[in-house]
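Taking it in order: structure first as structure tokens, then the write-up.
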Amino acid sequence: MTEIHPGQRVAVLVDAQNLYHTAQSLYSRNIDYSSLLEKAVQDRQLTRAIAYVIRADSPEEESFFDALVDIGFETKIKDIKTFSDGTKKADWDVGMSLDAVTLANHVDTVVLCTGDGDFSRLCSHLRHEGVRVEVMAFESSTAEELIGEADTFLDLGERHETFLL
Numbered sequence: 003m004t005e006i007h008p009g010q011r012v013a014v015l016v017d018a019q020n021l022y023h024t025a026q027s028l029y030s031r032n033i034d035y036s037s038l039l040e041k042a043v044q045d046r047q048l049t050r051a052i053a054y055v056i057r058a059d060s061p062e063e064e065s066f067f068d069a070l071v072d073i074g075f076e077t078k079i080k081d082i083k084t085f086s087d088g089t090k091k092a093d094w095d096v097g098m099s100l101d102a103v104t105l106a107n108h109v110d111t112v113v114l115c116t117g118d119g120d121f122s123r124l125c126s127h128l129r130h131e132g133v134r135v136e137v138m139a140f141e142s143s144t145a146e147e148l149i150g151e152a153d154t155f156l157d158l159g160e161r162h163e164t165f166l167l
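Numbering (the working numbering) for the sequence shown: 3 to 167.
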């Protein structure tokens with residue numbers, strides 16, 4: 003696959019729930035989304051940066067959503083669903099995948115910021131379409147098949163001082 007060069011058009015897709023829960027469980031800290039976006043773009047041409055977030059009616063979430071926009075992310079927000087048995091569910095797997103496939107004709111590289119193995123098939127498809135796929139996540143909680151399908155993998159845990167607040 004193509005190496006990184008300044009003319010590359012890049013889309014950055016961030017699974018905010020996945021990164022948040024991993025950063026909290028491993029480090030009890032939050033993600034530095036500004037540093038994450040800067041590293042994902044690496045002086046290339048940013049086409050789109052999308053953060054997929056969940057609204058759970060937490061007091062600080064609106065300011066978090068606003069901060070993401072200030073950093074340069076477009077936010078896609080989904081309300082958490084509570085089922086009759088009390089279980090809760092909210093994920094963006096299908097939405098992120100559809101956006102990545104839609105963007106594939108407009109970018110050279112897609113940077114997926116998630117450790118979710120459900121995206122390994124997406125990586126395979128994008129690479130088949132000639133799109134470079136980079137994954138940024140915490141290796142200790144990233145599915146091996148996702149790492150294996152990506153062109154490159156950046157372990158956020160190796161540079162947690164850069165990527166965590």
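Even glycine gets a Cβ: it sits at the ideal position worked out from N, Cα and C.
Please read these numbers as outputs of a predicted model, since none were measured by experiment.
| Ala-102 - containing alpha helix (DSSP H), residue span | Taking the first residue of the sequence shown as position 1, residue 102 is located at position 100. First-last of the alpha helix (DSSP H) with Ala-102: 95-105.
| task | Helix, strand or coil for Ile-33, going by three-state DSSP, please let me know. | result | Here residue 33 refers to the residue found at position 31 of the sequence shown. Ile-33: strand per DSSP, three-state reduction.
| Assigned exposure category for Thr-164 - 16 Cβ within 10 Å defines buried | Locating residue 164 in the sequence shown gives position 162, where the first residue counts as 1. Thr-164 should be labelled exposed.
| query | Run through DSSP, which three-state label would Leu-167 get? | reply | As a first step, residue 167 must be located in the sequence shown, where it is residue number 165. In this structure, DSSP gives Leu-167 a state outside helix and strand, which the three-state scheme calls coil.
| task | Please look up how many angstroms separate the CB atoms of Gln-44 and Ile-6, rounded, as I've assumed it's under 8 Å. | result | For the purposes of this step, residue 44 is identified with residue 42 of the sequence shown, where counting begins at 1. For the purposes of this step, residue 6 is identified with residue 4 of the sequence shown, where counting begins at 1. That pair is a contact at about 6 Å.
| query | Would DSSP call Ala-152 helix, strand or coil? | reply | In the sequence shown, the residue the question calls residue 152 occupies position 150. Taken through DSSP and simplified to helix, strand or coil, Ala-152 comes out as coil.
| Looking at the structure shown, is Asp-59 part of a helix, part of a strand, or coil, going by DSSP? | Position 57 of the sequence shown, counted from the first residue, corresponds to residue 59. In the structure shown, the three-state DSSP call for Asp-59 is coil.
| request: Would you give the residue range spanned by the beta strand (DSSP E) that Arg-11 belongs to? | output: Position 9 of the sequence shown, counted from the start, is the residue given in the question as residue 11. For Arg-11, the uninterrupted beta strand (DSSP E) segment begins and ends at 11-17.
| said: Could you compute how far the alpha carbon of Ala-92 sits from the alpha carbon of Ala-69? | reply: The sequence position of residue 92 within the sequence shown is 90, counting from 1. The sequence position of residue 69 within the sequence shown is 67, counting from 1. If you take the alpha carbons of Ala-92 and Ala-69, they lie about 21 Å apart.
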